[in-house]
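Okay, so here's the structure we're looking at.
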Amino acid sequence: MKNRKLRVAGIVLVLATVWYLPWAIGHLNWRAPWLSIPFALASLMTAAMSLITSINHWHRRAPEPHPVADGEEPQVAVIIPTYGEPGRMVYKTAKSVLTQDYPHGSLYLLISDDAHRQSIRAVAQQLSHEYPDARITYHEPPHRNDPRRRGEAKAGNLNSALEALETYAPEISFVETRDADDLVGDEGFLRQAMGQLLSDPQVAYVQTIKEAIVSPGDPFGNLEPLFYYSAMLARNAANAVFPCGSGLVWRREALDDIGGFPTWNLVEDLQSGVEALKRGWRGVYLPVVGAVGQTAPEDVPNAMKQRGTWALDTMRLSFWGDKRGLSLRQHVQFAELGFFYLLSFAVLVFAATPVFALLFDLFPLVTTHAAYAAHFWPYAAAVELLLACLSDGLPYESLWRARQTWLGMAPTYARAAVLALIYGPKHKPHYRVTRKQHIHQVYWRESLPQLALFTALVGASLYHLATHSLLASADLGSLFWAAFFALALSRSVRNAWHGVNLGHAILAALRNALHTAGTGVRLLIRRQQKAESMQPGRGKGE
Amino acid sequence: MMRRCKDCVVGLFGACRPDYCYAERQGLIEEAEYLATRGGHVLGPFDKVEGHPIWRAYCTHCSQSAAIALDPAPGEPQIYGDATATVCPRA
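These protein sequences, in sequence, are chains A and B. Quick note on numbering: our numbering labels position 396 of the first sequence as 396, and the sequence is numbered without any gaps. So our numbering is basically just the index in the second sequence, starting at one, shifted up by 1000.
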């Protein structure tokens, strides 16, 4: 793929970093080390991340398409693991598998139900009637306490399904895993994915694009175009693609080679890719839409849970995972993945810095305006240039939305990094399936860090404007960054009441408060009256 | 508010409030109710044991209990309690 713009942007950023960073370190404000040292560390982390990103995106590659010809389709087992998803949702997913451009006779559908529900068994039976050519099996994995089970949660479910395949379909050489809520996107998904697996016997798995049905504007950043249309192309060039759990087809031999779906981490997908790559297999990213989620997290706690789990999984791998056997390029790619989450600490430091500058005239650097402008702004422009080139071909809104999501999730990512350290390599929290229903409420408590930072940025800006002359003495640089971070945080603040009519919610809260206050007052009056009536000698004669 | 369950990823990320694991435990509750009903028990509502991923219900006739555990320790059952294993003496 042509990549010249990105390479130039990477070189410009390296030069700008060399120009800015040593200067910044040499001008730290040692009178406020609590501010300047975190700022210096954050700057170093950002520079490291920029360098790693520039290196990783030096090459990008999309594979040549090799769709399987009509009549040559190999048998594929499609495993749909489920645990609590509504039967209707599982039915729609399974039906989308059967209605894609792939012959029913070459599909073996295994619905693996960890919740052991009659409703899901009925779905399998109904599909068997509707598609008599396809082989469809309802499978129940062992319960979690059962010694036959290999792994908790989805990994345990998938491993049980793999074992079932040994019994029901030992001849099948390819296995697709599809989340119970993920419809097939592109009708040619399996034909294209199978083509990649057939054209190269070293390919262990093919990962495609995962999309989802989201609200207009994708307020929670669920579509992740930067990941699927940019980062994955770079990973593909470095053979560092990792499975994303759905819209994914495995070569069974590779799965056998890694001993089934790994259970060391919270979820199996990322780790399974690392295990295969360590053993010399290839992972391919195919830019066709393989999965479209029927739902995606669109309330704050659900988004926090899903992103937090991904972050925790990645940080556990970064801190404690055994990555021996990966090549240097693969290591650098996975390092970028870990840095993405670690950088949340840095972004929180950067976002808080304008507050101190505007309120207390406290700066992390001691310098003149001119020197600051000469060193910092070229660096900031170079970062923007790199980001713009990374999202080449995508609307600018995608880049902005990715930034908003990242900043909004920064407290969750930071918490994930800390949790990964605290739990260590031998312990991990219990996984929960991501909730498939939206619960729309006002989530003030869950959004408190973002709200506090947003309020501090806006408040500090207003205070500064009220106490300084805009043209003569105001700190325009800090005001700019305060506005930038406040705008970026505004999405998270707005998401706190996504799906709720805020006016109604405030009125209801006021009504409740008034009701509570009224009840309290009535109780007090009643108590007072009771006390007065019990006092002897009060009333008539006085 | 329920106290979050130790070691659950949902609680650790502060996302527990809206009854997060409702769908996950429904299957287990259905199974526990099936086992209890087979023995003639009539279970009341399943209530959470504070601070643990365990929900417990009592037979409205004999007060024997049935419980479900979302994250049982290795070797421990997900569904247990006298009401799931015995015949209700007052049925």
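Beta carbons are placed, not taken as given, at the ideal position from N, Cα and C, and that holds for glycine. From a predicted model like this one, the values you see are computed outputs, not experimental measurements.
Asked                                                                                                                                                               : Found
Can the beta-carbon of L358(A) be found less than 8 Å from the beta-carbon of A488(A)?                                                                              : no
On the CB-based measure, 16 or more other CB atoms within 10 Å of its CB, does T208(A) come out buried or exposed?                                                  : buried
Out of S215(A), Y131(A) and L479(A), which one is the CA nearest neighbour of P354(A)?                                                                              : L479(A)
Go through its chain and collect everything with a Cβ distance to G247(A)'s Cβ below 6 Å, but skip five positions before and after it.                              : T208, K210, G290 and A291
With DSSP run on the structure shown, which of helix, strand or coil describes L41(A)?                                                                              : helix
Taking the alpha carbon of W30(A) as the point to measure from, which residue in Q271(A), V366(A) and F242(A) has its own alpha carbon closest?                     : V366(A)
To test your reading of the DSSP string, which unbroken alpha helix (DSSP H) runs of 4 or more residues are found completely within the segment 163-242 of chain A? : 189-199 and 232-237
Output, in chain order, the set of chain B residues within a Cβ distance shorter than 7 Å of R144(A).                                                               : P1072 and Q1078
With DSSP as the reference, label A69(A) as helix, strand or coil.                                                                                                  : coil
As a quick exercise: from A505(A), A134(A) and N159(A), pick the residue whose alpha carbon is nearest that of H143(A).                                             : N159(A)
At 9 Å on the CB atoms, spell out the chain A contacts of Q1064(B), in chain order.                                                                                 : Chain A residues near Q1064(B): none, gap ~21 Å exceeds 9 Å.
Quick check on this structure: which residue in A164(A), L448(A), N239(A) and Q294(A) has the alpha carbon closest to the alpha carbon of L223(A)?                  : Q294(A)
Return the Cβ separation of A496(A) and S447(A) in integer angstroms, given the expectation that the two are a contact with Cβ distance under 8 Å.                  : 4 Å
Taking A115(A) as the query, report the chain B residues whose CB atoms sit under 7 Å from its CB, ordered along the chain.                                         : G1027
From the DSSP output, in three-state form, read off W310(A) for me.                                                                                                 : helix
So, does the CB of T516(A) fall closer than 8 Å to a CB anywhere in chain B?                                                                                        : no
Determine the DSSP secondary structure at Y1080(B), reduced to helix, strand or coil.                                                                               : strand
Could you check which residue in I80(A), P65(A) and R150(A) has the C-alpha nearest to that of G259(A)?                                                             : R150(A)
When the Cβ atoms of the segment 338-350 of chain A are set against those of the segment 306-320 of chain A, are three or more pairs found closer than 8 Å?         : yes
Taking only beta-carbon atoms, is R1056(B) less than 8 Å away from chain A?                                                                                         : no
Quick check: what's the CA-CA separation for S327(A) versus V203(A)?                                                                                                : 16 Å
Report the rounded CA-to-CA distance for L35(A) versus L44(A), giving the unit in angstroms.                                                                        : 14 Å
Are the beta-carbon atoms of G499(A) and H440(A) separated by less than 8 Å?                                                                                        : yes
Could you pull the DSSP bridge partners for P81(A) from this structure?                                                                                             : S112(A)
Whose C-alpha, out of A296(A), R415(A) and E268(A), is nearest the C-alpha of S215(A)?                                                                              : A296(A)
DSSP state of L286(A), grouped into three classes?                                                                                                                  : strand
Can you tell me whether DSSP reads V12(A) as helix, strand or coil?                                                                                                 : helix
Report the neighbours of E253(A) on chain B: residues whose CB is nearer than 8 Å to its CB, in chain order.                                                        : The contacting residues do not exist; E253(A) stays about 31 Å from chain B at best.
Could you give the C-beta distance for A1036(B) and I1068(B), rounded to a whole number, given that I count them as a contact under 8 Å?                            : That belief does not hold up - the Cβ atoms of A1036(B) and I1068(B) are roughly 11 Å apart, past 8 Å.
What's the gap between the Cα of H438(A) and the Cα of A1023(B)?                                                                                                    : 13 Å
Got a sec, what are the start and stop residues for the beta strand (DSSP E) G1065(B) sits in?                                                                      : Per the sequence presented here, residue 1065(B) reads as Ser, with Gly not at that position. Run containing S1065(B): S1065 to A1069, per the beta strand (DSSP E) assignment.
In whole angstroms, give me the CA-to-CA distance for H104(A) and D133(A).                                                                                          : 6 Å
Between the segment 1010-1043 of chain B and chain A, which residues of the former have CB atoms less than 9 Å from a CB of the latter, in chain order?             : V1010, G1011, L1012, F1013, G1014, A1015, C1016, R1017, P1018, D1019, Y1020, C1021, Y1022, A1023, E1024, R1025, Q1026, G1027, L1028, E1030 and E1031
Around the Cβ of V1009(B), are there at least 16 other Cβ atoms within 10 angstroms (buried) or fewer (exposed)?                                                    : buried
Given M89(A), which residues of its chain have a CB within under 7 Å of its CB, disregarding the five upstream and five downstream residues?                        : A180, D181, Q294 and K436
Compare the C-beta of R415(A) with all C-beta atoms of chain B and state if any pair is closer than 8 Å.                                                            : yes
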